[in-house]
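So the sequences go chain by chain: A and B.
Numbering follows the working numbering, in which position 92 of the first sequence is assigned residue number 73; successive positions increment by one, without gaps.
Numbering follows the working numbering, in which position 438 of the second sequence is assigned residue number 419; successive positions increment by one, without gaps.
Below is one structure; the comments refer to it alone.
2 protein chains.
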Amino acid sequence: MRTELKKLIDLDRERVLVTHIASLLAWDQETHMPPGAEEERAEQLAWLEGAAHEKAVNPRIGEYLSALGCSDSNPRGDPGLGGDAGAFLRLLYRNYTREVKLPADLVTETAKAQSLGQAAWVRARSENDFAAFRPHLERILDLKRQAAVCLDPNKKPYDVLLDLFEPGSDEAQVRGVFEPLRKDLAALLAKIRSRPQVDDSFLRKPCSKEAQRTASRYFMELLGYDLRRGRLDVTAHPFTTTVGRADVRITTRYDEGYFLSSLFSTIHETGHALYEQGVNPPPEYAGTCLADGASMGIHESQSRMWENVVGRSRSFWSREYPALRAVLGEVLSGVSLDEFLRGINKVEPSLIRTEADEVTYGLHIILRFEMEADLLSGRLEVKDVPAAWNAKTKDLLGIEPPSDSKGCLQDVHWSAGLFGYFPSYSLGNLYAAQFVQALRRDLDLDSCLKAGDYASMLGWLRKKIHASGAALLPKELCEGVTGKPLDAGHFVDYLNRKYSEIYGF
Amino acid sequence: MRTELKKLIDLDRERVLVTHIASLLAWDQETHMPPGAEEERAEQLAWLEGAAHEKAVNPRIGEYLSALGCSDSNPRGDPGLGGDAGAFLRLLYRNYTREVKLPADLVTETAKAQSLGQAAWVRARSENDFAAFRPHLERILDLKRQAAVCLDPNKKPYDVLLDLFEPGSDEAQVRGVFEPLRKDLAALLAKIRSRPQVDDSFLRKPCSKEAQRTASRYFMELLGYDLRRGRLDVTAHPFTTTVGRADVRITTRYDEGYFLSSLFSTIHETGHALYEQGVNPPPEYAGTCLADGASMGIHESQSRMWENVVGRSRSFWSREYPALRAVLGEVLSGVSLDEFLRGINKVEPSLIRTEADEVTYGLHIILRFEMEADLLSGRLEVKDVPAAWNAKTKDLLGIEPPSDSKGCLQDVHWSAGLFGYFPSYSLGNLYAAQFVQALRRDLDLDSCLKAGDYASMLGWLRKKIHASGAALLPKELCEGVTGKPLDAGHFVDYLNRKYSEIYGF
């Protein structure tokens, strides 16, 4: 191995180590940190962010990349270095050329603002007080806009931010996918709403946190989550975080009046964690940027696949329903498998994105995408967010939030500075549908699920999607696995097939 | 404020911030970390230790210290800088001149060895397998010896290590205190053993972890621990850690067959935490080395004072016994206050230091002190530790450990690299006795305790001991508070007075 390559690996590994340390501090902030420690934690996270940034922009990285022949037109460097090196160098080149454009002060300030914003959001949501969160959101948005301008002053800020999560995407392209999807979803929703509606009141029966915790632990392990290399905790908003390659943690939340919330958010986060636990770069690249997911959209394809394609399917529950009933006790007594399946697949416009059904979910994403694009372009001001949110909810879903806590304060993303992230959720659904079609060519998925064989599906995902980590771009991964570019038609077909059976049209 | 002083404050504050981050990672390792993450965590801690060391040895610190007139003979710098600056500079000068002598490699290697050693110790103790721990201990000891030689090649290694925890102490001085103390304790123990012994079998009644947890929470808050700036968790060995000035966490352990273990270890750690939470340097020095305890011995004086002088006194329990009985349910039913007091003050040679009574506790410390001194001088080899431990236990306490888990593997200190720490525990008892004598001149302690007024005692400690933090050396603090140098006679008097009442001699 060339000396410069070896040195680049060492430098990048150190940067990744710092980000893992920051992940632990962020995890602790959400799970266990005493409330009085907020400000100090913000300083600690800002320092770590600054240290990681400093490592990412080390000028020696630029020198070594040049020495290895990397450039805008040839980011993989000298062909003689081989494919693994090429994948690593391309990614590192992308990261480095991006990071050197961000001033260290801006990075530190952003981390601090987000840490304080996070705490302010938790309070604002619990007290339904958007006004208290507003200055934090304004500050974070301003910092994100500044970052976008630094990264590429010739592009629209939202395009720049989107590309951070979904390499190769921009606002126009996403709008091009979302406009027809919006129509398809609206049409499907109208068809469903014209049919007799589902009674799922049994899902609101009181269910103890302890029973939900047992169910969460059961299903996460069942699907292949390795608890020796992870753990489950409780937070206001569920998430997955990577504290190390052998330390991928998930969180959930328990609503004693709606056990489905923890059940499906745990399965969702388990999907993310299985991906992270399955990333397996060549040993010499362990701990580098290659040991990561390919994109947020690909990540969401994994979480949504386990949550919806598996976790809301007849095949899965035909085997697992007795186990769930046993764990939850009386909650599901007298509820048949058919009733349960109709209940968990009930389609009905609702307020909380993370609890939306598969049809209306996409409409929630479109709402956030449009608002983010408007906020970044300046067409919308932060002070008008609650009104705009409520109007759009009415327009897209036909309902209105009774409070900001159940409206514009419901999601963690903006306080965490994740502008440009939301489209990944819908792209994830589209990727998932297309991946599953490919999987079904190799594997009789329904037979596997009916037999409780989750290892075959996980094995296929590990080999085809997880192992390569961040070596492939989303587009390359999609074409490599399915033979075709992303096509939203698979998702719409999947929904129509599924819901025509459930609602009988 | 002089520019150089301002810069020194900023540099030191950053170093302290890194050590707080490391504290969180170490805390997580003991409380929540998945087992598979051991190796990565060791790397993360080693990196942080290296980063903190790098900041501690920044050559600019040396330049600024010189510019401000600091030297071996005048570590406080120019007199015109004032008293606060003088205290800060003296401490920083001590830290800096010490740290520059330690090679970065050695610091990193030590952190890694201790992190792996910690995990190995937990396993070795639970499996009673000293052989598995032996190579770790040898490695850590070797690294500590190397560090001592770097710090001062002209001193005995153990003297150098001792001075790190108790500035101004050395082996000969400690031996000078411990030799007569050993005789006094042996004489008192003989007197006690000649009297009718106490039946404390009621303390072994089964007690649920939940009840013990409730008791721990009750007493820690009662004594003034601020849960908005701290929390309680469970670990193999209880400890206190400072993750930030507003984030001081304690841990305990629950033994369902011996509730006293959690009760007194929680009160003990609460004493440490109250000290940390009470440190209050001048605002311009917040977050620097001044915001710390004065020494390990002074720290132990606080924990042992709350645990023993308060927590094992008649005055305290005459008020709090009903609360403890209520929380523990049937465990103490039919046990009178007198029986309880005799039970918790029973003197009997036993194997586990942290559960030893106030008389034999000092003998446990003398054992460790002698073994450490022998290990560091080479008079004792690691392979012979179990045999030497058992022989010394027989000699000092008259009993023999049935296993290494209850013998030389019982304490966390050696795997954590804390050679030279143990004497602080006994010095803490001596300081505590002397401090309490001074406190009684200002405050009717027994009346306060009987009235449930813990705030008066805490207020006195905050003002006289906590607030100044690390600005004073232990010797200065002791003389400032009590008017006299440390005198072990107060402790021996305290023990004789207390136990003559309990055992009637």
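The beta-carbon is built from N, C-alpha and C at its ideal position, and this holds for glycine as well.
Residue state for THR233/B is assigned as strand, using DSSP reduced to three classes. Runs of beta strand (DSSP E) with 3 or more residues, each lying fully within the region 57 to 116 of chain B, are absent. Rounded to whole angstroms, the separation of the alpha carbons of GLU281/B and LEU62/B is 32 Å.
By the Cβ rule, the region 180 to 188 of chain A counts as touching the region 312 to 319 of chain A, because three or more pairs are nearer than 8 Å.
Cβ proximity to chain A below 9 Å picks out THR12, HIS13, MET14, PRO15, PRO16, GLY17, ALA18, GLU19, GLU20, GLU21, ARG22, GLU24, GLN25, TRP28, LEU29, ALA32 from the region 12 to 40 of chain B. ASP228/B has GLY225/B as its beta-bridge partners, per DSSP. Take PRO466/B, set aside five residues on each side of it, and the residues of its chain with a beta-carbon closer than 8 Å to its own are LYS456, CYS459, GLU460, in chain order. Within the same chain, Cβ atoms closer than 7 Å to the Cβ of TYR199/A are found at ALA304, VAL308, the five residues on either side in sequence being excluded. Straight across, the Cα-Cα distance linking ARG349/A with ILE231/A is about 24 Å. The beta carbon of LEU361/A sits no closer than 8 Å to any beta carbon of chain B.
In chain order, ARG285, PHE472 place their CB closer than 6 Å to the CB of ASN410/A, counting only its own chain and leaving out the 5 sequence neighbours on each side.
Taking 8 Å as the threshold, the shortest C-beta distance from VAL103/B to chain A does not fall below it. In the DSSP assignment, LEU357/B falls within the unbroken alpha helix (DSSP H) covering 342 to 358. According to the DSSP secondary-structure assignment, LEU213/A is paired through a beta bridge with ILE231/A. In the structure shown, SER384/A adopts coil according to DSSP, grouped into three states.
Taking a contact to require three or more Cβ pairs closer than 8 Å, the region 254 to 274 of chain B and the region -15 to 5 of chain B qualify as touching. Between VAL(-3)/A and chain B, the shortest Cβ-Cβ separation is not below 8 Å. Counting along the chain, ASN261/B sits inside no alpha helix (DSSP H), nor does DSSP assign it H or E at all. With a threshold of 8 Å between beta carbons, LEU6/A makes contact with chain B. Per the coordinates, the alpha-carbon of LEU70/B lies some 11 Å from the alpha-carbon of GLY43/B.
Pairwise C-beta distances place the region 359 to 368 of chain B out of contact with the region 186 to 196 of chain B, as fewer than three of them are shorter than 8 Å. Contact of GLY259/A with chain B is not assigned, every C-beta pair being separated by 8 Å or more. GLU147/B places its beta carbon less than 8 Å from that of MET277/B. Closest in alpha carbon position to ARG334/B, among ARG360/B, THR12/B, THR374/B, ARG300/B, is THR374/B. Collapsing the DSSP output to three states places SER242/A in a helix. For MET201/A, the uninterrupted alpha helix (DSSP H) segment begins and ends at 190 to 203.
With 16 or more neighbouring CB atoms inside 10 Å of its own CB, LEU142/A falls in the buried class. The C-beta of PRO16/B has fewer than 16 other C-beta atoms within 10 Å across all chains shown, which makes the residue exposed.
For the region 203 to 229 of chain B, the set of positions with a beta-carbon nearer than 9 Å to some beta-carbon of chain A reads ASP207, LEU208, ARG209, ARG210, GLY211, ARG212, ASP214, VAL224, GLY225, ARG226, ALA227, ASP228, VAL229 in chain order. Secondary structure at ASN477/B: helix, using DSSP grouped into helix, strand and coil. Within chain A, no C-beta atom comes less than 9 Å from the C-beta of HIS394/B; the nearest is roughly 25 Å away. The way I'd put it, the region 36 to 53 of chain A does touch the region 77 to 95 of chain A; three or more beta-carbon pairs between them come closer than 8 Å. Counting every other CB atom within 10 Å of its CB across the protein chains shown gives ASP392/A a total of 16 or more, marking it as buried.
Counted as a single uninterrupted DSSP element, the stretch harbouring PRO15/A is not any alpha helix (DSSP H), since DSSP gives it neither H nor E.
The alpha carbon of GLU(-15)/A has as its nearest neighbour, out of GLY238/A, LEU476/A, LEU26/A, GLY58/A, the alpha carbon of GLY58/A. For TYR45/B, the enclosing alpha helix (DSSP H) starts and ends at 40 to 48.
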